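Number of protein chains: 2
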Amino acid sequence: MAKTTPLSGFPELLPEQRFVEQQVIDTLRATFELHGFAGIETRAVEPLDQLLRKGDTSKEVYLLRRLHEESAEGHAGLGLHFDLTVPFARYVLENAGRLDFPFRRYQIQKVWRGERPQEGRFREFAQADIDIIGRDVLPFHHDVEVTRVMVDALSRLDFLPGFRLQVNNRKLIQGFYAGLGIAEGDQVDEVMRLVDKLDKLPADKVGDLLVADAGIDRATADRVLALATIRASDASFVDVVRGLGVGHPLLDEGLAELAELVESCAGLVTDRVRVEADLSIARGLDYYTGTVFETRLDGYESLGSICSGGRYDALASDVRSTYPGVGISLGVSRVVVPLLARTGLTADRKVPSAVLVALVDDASRATGDAVATALRARGIPCEVAASAQKFGKQIRNAERRGIPYVWFTRADDDGGQRHQVKDIRSGDQVDADPATWTPPTEDLRPQVVSSSTTSKESTQ
Amino acid sequence: MAKTTPLSGFPELLPEQRFVEQQVIDTLRATFELHGFAGIETRAVEPLDQLLRKGDTSKEVYLLRRLHEESAEGHAGLGLHFDLTVPFARYVLENAGRLDFPFRRYQIQKVWRGERPQEGRFREFAQADIDIIGRDVLPFHHDVEVTRVMVDALSRLDFLPGFRLQVNNRKLIQGFYAGLGIAEGDQVDEVMRLVDKLDKLPADKVGDLLVADAGIDRATADRVLALATIRASDASFVDVVRGLGVGHPLLDEGLAELAELVESCAGLVTDRVRVEADLSIARGLDYYTGTVFETRLDGYESLGSICSGGRYDALASDVRSTYPGVGISLGVSRVVVPLLARTGLTADRKVPSAVLVALVDDASRATGDAVATALRARGIPCEVAASAQKFGKQIRNAERRGIPYVWFTRADDDGGQRHQVKDIRSGDQVDADPATWTPPTEDLRPQVVSSSTTSKESTQ
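Protein sequence lines correspond, in order, to chains A and B. If you count the first sequence from 1, you need to add 4 to reach this note's numbering. If you count the second sequence from 1, you need to add 4 to reach this note's numbering.
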């Protein structure tokens, strides 16, 4: 087999790095389940016409074709999913009669996008999505619920940097614009598109564009910009918006929802995971109709939003019903892969084994296997030495891979066995019984640690 | 969105069915980790030239193309992996300098094959692979190890039917054939191909083909057939083979290895998970060089082998080293999806929630959230009622989804709160404190149960 090279945009991890990613996924899953979300998976492929309904991502779709396609029998029309929302909407329609609504689901799967690879942007990456979907109706308190679930999940990922959830509400923006007399449709869309440039251009430059491209007057542009600069970690933004002197029923509704969302999260936020109203957040996608979310990872702002979503009044619809939903999607690979590369976050061992069972000689393998079986019966991961080298070599072999304990079994003078276990970090060696000895809980599984010894090249 | 239909060969599961599959995957993963196997994932795509090295599967490969491919920049040469062995071999070569050998890894991922869908044969399915790979050398005891690990894993899947692991050894077959004077190369391959038809054709018919197509004489054909009919659950097969009067050093080696394998598993086998030497097993793939495995699921023999593998002396090689390996691959979807369809295996609830927190009125949602937060803090999955319907409706809503407990919080006479929890299976309702109440362990998570109420249409 020829020497192979990594593929740009398709990151792969070493075992000790994969452990970190797995820990993230396990924590997310455990949190989602604590909140009553059921896990599902959908197939990797969707019919092309479904994938292309979001026009702006059409270039990024990977099409499938069989190598020796005998006929045009349909597979020419399949592509890999580029998110988990399109497949979930289809799944809900297909199974609507067998699901109970409101239906809470989480889904942690790979998605594929043919875009240009860069830091935090991959062609294959894992996403973790939570959504609550209703039939015909879905009360606003579910917007609060998904936010609280994601705040809880991010809080439990305590080996990651902090997160800042930025929330806004499309009703608030659209009501404000309507109150200013900006025309619904193209003009509102153009204003939103330009306001979205505030993170790249200075405010006065965006103001000029609002006048020139969106066709609104300077005073209106100033109030649009004033709205977009409002940020608050509590409901104080309501009075600030009121102070801009714009009135509209939709604005009132949006203000009330956003205030409720921020206040309902107040008891959950910490220094590490914050929730703030940020009235510049609009999300480009036109199916959001209320709450919108973006999330920044502290120290990794250049990655953009790594956890986004919102409320859609019609995630899906069939002849009988409309299915409103609210959800958030965390870019697992977008967070984990750059972190591994930049910080050397890793596991403190390369294998799950907590114990290496050493061998006196090759004939003692059955004895070693029996010790290992006894340890595993009580949930202690272990392995038997690959060969009966000198004990010093067997210990170094464990040490190199971060295995904390080595087990020795020797024949004793009266024909029985003497068992000892050595903590190779401290050097302490004590008598032990394979039927009862248990390591401290923190030694049972690998732990996530920050290590400067992991080289950057190890992620692609 | 138009009504959609399932895609043949791309099975999807309802939440309560996905729970069963997830339980299988979790059990496999936990067992593999107890034995010191590290989890990795590889990208879904491989360069086409790597995928086509196994000529016989080339028709089944799905090629990728970007929808608006601007240039030929390489993606025309990518396909979806059809197994986890080809990607693992490539991963080992790419990371050889950063891995420790022998390297034990498990990998549980989807694979894709464009073959014709039928029961247990899908175009997208999950596989669970374990392999141990060495650098230049890999002692035989690792063949025993992977077998024992898989027997342990299958034993822990106690809600599945029984498994019969059939093991053989290519050295045994090839040594026996060499001792009979069958020419190495094409003639041996042709004999193996014909012997493989024994499960479809009667022995005398296969004997005729051996004479006509493989060009061996009748007496030799009879001894080839005699070997292929030998089965034993202990090492007694050695004497039976010896009795056929064929001698060859490679045969001796194969007999010794196979006898050791079967005897080393004797302490692990049960009525549900058996290991037997079956001298008809050859595996078509020519890279196996010693131990070969196949596995039948009791009552589902028509699925063929659902867990297969073996020893390869050169899983991969680079300019400096050869990497011998031994591994087994379990077809997770091949087992789970037919079982769900045929037996109605399912979870006893449709959601992870053990408790539904009922609401007296909509204003009491904050109180309900506080109860739920207290329960979750102690690992109890729960959800707050979607709306403050009459208690009877809230209870039926929990019951319909299999949630065993409903929690009630009412204001009591002296301005405090009175908490009660109802087991809706028994109807018992008792006072409870959200800070201390804990359900029995078996109620914490959904359990796998066999239910005749699950309809067959629910899997595709």
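The beta-carbon is built from N, C-alpha and C at its ideal position, and this holds for glycine as well. On a predicted model such as this, the values are computed, not experimentally measured, just so you know.
query, result
"Any Cβ of chain A within less than 9 Å of the Cβ of Ala76(B)?", "In this prediction, Ala76(B) scores a pLDDT of 46, lower than 50, which makes its location untrustworthy; the coordinate-derived value is nonetheless stated afterwards. Not closer than 9 Å to any Cβ of chain A, the Cβ of Ala76(B) fails to qualify, so no."
"Hey, does Ala441(A) have any beta-carbon neighbour from chain B nearer than 9 Å?", "A small fix is needed here, since residue 441(A) is Trp in this sequence, not Ala. It does not: the Cβ of Trp441(A) has no partner Cβ on chain B nearer than 9 Å."
"Can you tell me the Cα-Cα spacing of Glu280(A) and Phe241(A), whole angstroms?", "10 Å"
"Find the residues of chain B that neighbour Val65(A), judging by a C-beta separation of less than 8 Å, and give them in chain order.", "Arg70, Leu71"
"Here's a check: name, in chain order, each residue in its chain whose Cβ is nearer than 7 Å to the Cβ of Arg125(A), leaving out the five neighbours to either side.", "Glu119"
"In terms of residue numbering, what span does the alpha helix (DSSP H) encompassing Leu334(B) cover?", "Looking at the DSSP string, Leu334(B) is not in any alpha helix (DSSP H); the run it does join, the beta strand (DSSP E), is 326 to 335."
"Going by alpha carbons, who is nearest to Ala366(A) out of Lys354(A), Ala390(A), Ala345(A)?", "In the sequence on display, residue 366(A) carries Asp and not Ala. Of the listed residues, the one whose Cα sits closest to Asp366(A) is Ala390(A)."
"If we cut at 9 Å on Cβ distances, does His145(B) have a partner in chain A?", "yes"
"Tell whether a beta-carbon distance below 9 Å holds between Ala286(B) and Arg380(B).", "no"
"Taking 9 Å as the cut-off, decide whether the C-beta atoms of Leu484(B) and Tyr291(B) are in contact.", "As shown, chain B starts at 5 and ends at 464. That puts residue 484(B) outside it, with no answer to give."
"Roughly how many whole angstroms lie between the Cα atoms of Arg197(A) and Cys311(A)?", "20 Å"
"Let's see if you can read the secondary structure: which residues bound the alpha helix (DSSP H) around Lys209(B)?", "207 to 216"
"Are the beta-carbon atoms of Ser237(A) and Arg278(A) separated by less than 9 Å?", "yes"
"Where does the unbroken beta strand (DSSP E) through Asp427(B) begin, and where does it stop?", "421 to 427"
"If you follow the alpha helix (DSSP H) that Tyr181(A) is in, where does it begin and where does it stop?", "174 to 183"
"I'd like to know whether the C-beta atoms of Ile407(B) and Val364(B) end up nearer to each other than 9 Å.", "no"
"Could you tell me if the beta carbon of Ala260(A) falls within a distance shorter than 8 Å of some heavy atom in the ligand NAP?", "Of the ligands one can find in the structure shown there are none, so the ligand NAP has no counterpart to examine."
"What is the C-beta distance between Val24(B) and Leu255(B), in whole angstroms, given that I count them as a contact (C-beta under 8 Å)?", "At roughly 44 Å, the Cβ-Cβ gap does not stay under 8 Å, so Val24(B) and Leu255(B) are not in contact."
"Could you check whether the Cβ of Ile137(A) sits closer than 9 Å to any Cβ belonging to chain B?", "no"
"Shortest alpha-carbon distance to Thr35(A) belongs to which of Asp322(A), Gly247(A), Ala132(A), Val153(A)?", "Val153(A)"
"In angstroms, rounded to a whole number, what distance separates the CA positions of Asp447(A) and Thr377(B)?", "29 Å"
"So, at 8 Å on beta carbons, what are the nonlocal neighbours of Glu45(A) in its own chain, with the 5 sequence-adjacent residues on each side left out?", "Gln111, Gln113"
"Assuming the contact rule is C-beta atoms closer than 8 Å, Pro19(A) and Arg94(B) should be a hit. Round their C-beta distance to whole Å, please.", "The pair is not a contact, with the Cβ atoms about 16 Å apart (cut-off 8 Å)."
"Can you tell me whether DSSP reads Glu77(A) as helix, strand or coil?", "Annotation note: pLDDT 48 at Glu77(A) (below 50); position unreliable, no value reported."
"Bridge partners of Ser475(B), per DSSP?", "Outside the modelled stretch of chain B, which goes from 5 to 464, sits residue 475(B), for which no answer is possible."
"Kindly indicate which residue of Leu82(A), His145(A), Phe163(A) has the alpha-carbon position closest to the one of Leu343(A).", "Phe163(A)"
"Quick check on Val141(A): buried or exposed, where buried means 16 or more other Cβ atoms within 10 Å of its Cβ?", "exposed"
"Hey, could you find the ends of the beta strand (DSSP E) Asp417(B) is sitting in?", "Taken as a continuous stretch (DSSP letters only), Asp417(B) belongs to no beta strand (DSSP E), as it is neither H nor E."
"Arg47(B) and Phe14(A) - do their beta-carbons sit closer together than 9 Å?", "yes"
"Using only the alpha-carbon positions, how far apart do Gly419(B) and Ile134(A) sit?", "37 Å"
"Determine the DSSP secondary structure at Tyr291(B), reduced to helix, strand or coil.", "coil"
"What ranges does the beta strand (DSSP E) occupy inside the stretch 256 to 292 of chain B, keeping only unbroken runs of at least 3 residues that lie completely in it?", "277 to 282"
"Run through chain B and tell me which residues come within less than 9 Å of Ala218(A), C-beta to C-beta.", "Residues of chain B passing the Cβ test: none, with the nearest at roughly 30 Å."
"Would you mind sorting Ser12(A) into buried or exposed? The rule is 16 or more other CB atoms within 10 Å of its CB.", "exposed"
"For Leu169(B), count the other beta carbons within 10 Å of its own beta carbon; 16 or more makes it buried, fewer makes it exposed. Which is it?", "buried"
"With DSSP collapsed to three states, give me the class of Ser430(A).", "coil"
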